[in-house]
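*Asks:*
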Amino acid sequence: MKVENTQVQMRKGILEFCILEIISRGEVYASDMLEELTAAKMIVVEGTLYPLLTRLKNAGLLDYSWVESTSGPPRKYYTLTATGREFLEQLRETWRELVDSTEFIILNKKAQQL
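With UniProt numbering applied, the sequence shown corresponds to residues 1 to 114, in that order.
Written out as structure tokens, the structure reads:
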């Protein structure tokens, strides 16, 4: 078993959460999301982002608008819907619980080793 496979699966598990967090800041162009996710080492291929955005849009969590660009074709900018904001808040709560639970296990192990 390779650790890299598990690391990839862990990142995939929180990718939707990260995408929603980025979009929660305001209108976001997909390539800007991709740039941030790549810089954070959360995503490595462009082909991963667009299917997720489509799925989140179809689930009613995202909306988008077309904005004219001075340097090419119109750009699609994503925003959260009201449902998306509620969904993200639930994910934030779950994230806090997961971090707390993981820290508890890690710290408990360290305490037992002392």
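All residues carry an ideal CB built from backbone N, CA and C; glycine is no exception. From a predicted model like this one, the values you see are computed outputs, not experimental measurements.
#1: Provide the residue span of the alpha helix (DSSP H) that contains K76, from first to last.
#2: Please list the terminal residues of the continuous beta strand (DSSP E) segment that includes V67.
#3: Which of helix, strand or coil does DSSP assign to V28?
#4: Going by the beta-carbon positions, is the gap between I23 and L80 smaller than 8 Å?
#5: Put M33 into one of helix, strand or coil per three-state DSSP.
#6: Assuming contact is defined by CB atoms lying nearer than 8 Å, are M33 and I19 in contact in what I supplied?
#7: Pairs of beta-carbons, one from the stretch 48 to 57 and one from the stretch 88 to 102, closer than 8 Å: are there three or more?
#8: Helix, strand or coil, according to DSSP, for K12 in the structure here?
#9: Mind checking I43: buried by the 16 CB within 10 Å criterion, or exposed?
#10: Is the CB-CB distance between T83 and G60 below 8 Å?
#11: Would you decide whether residue 121 is buried or exposed? Buried here means 16 or more other CB atoms lie within 10 Å of its CB.
*Replies:* So, from the listed chains and residues:
#1: What you label residue 76 is simply residue 76 of the sequence shown in a count that begins at 1. Premise fails: K76 lies in the beta strand (DSSP E), 72 to 80, not in any alpha helix (DSSP H).
#2: What you label residue 67 is simply residue 67 of the sequence shown in a count that begins at 1. 62 to 69 is the extent of the beta strand (DSSP E) around V67.
#3: For the purposes of this step, residue 28 is taken as residue 28 along the sequence shown, with counting starting at 1. If DSSP states are grouped into helix, strand and coil, V28 belongs with the strands.
#4: Taking the sequence shown and counting its residues from 1, the one referred to as residue 23 is at position 23. Taking the sequence shown and counting its residues from 1, the one referred to as residue 80 is at position 80. Yes, the Cβ-Cβ distance between I23 and L80 is below 8 Å.
#5: The sequence position of residue 33 within the sequence shown is 33, counting from 1. Three-state result, M33: helix.
#6: To locate residue 33, count along the sequence shown from 1; it is residue 33. To locate residue 19, count along the sequence shown from 1; it is residue 19. Their beta carbons are under 8 Å apart, which means M33 touches I19 by this criterion.
#7: no
#8: Taking the sequence shown and counting its residues from 1, one reaches residue 12 at position 12. The answer is helix: DSSP assigns K12 an H, G or I state.
#9: Your numbering for residue 43 matches position 43 in the sequence shown. Answer is buried; the Cβ neighbour count reaches 16.
#10: Indexing the sequence shown from 1 puts residue 83 at position 83. Indexing the sequence shown from 1 puts residue 60 at position 60. Yes, these two residues count as a Cβ contact at 8 Å.
#11: The displayed coordinates of the chain run from 1 to 114. Any statement about residue 121 would go beyond what the structure contains.
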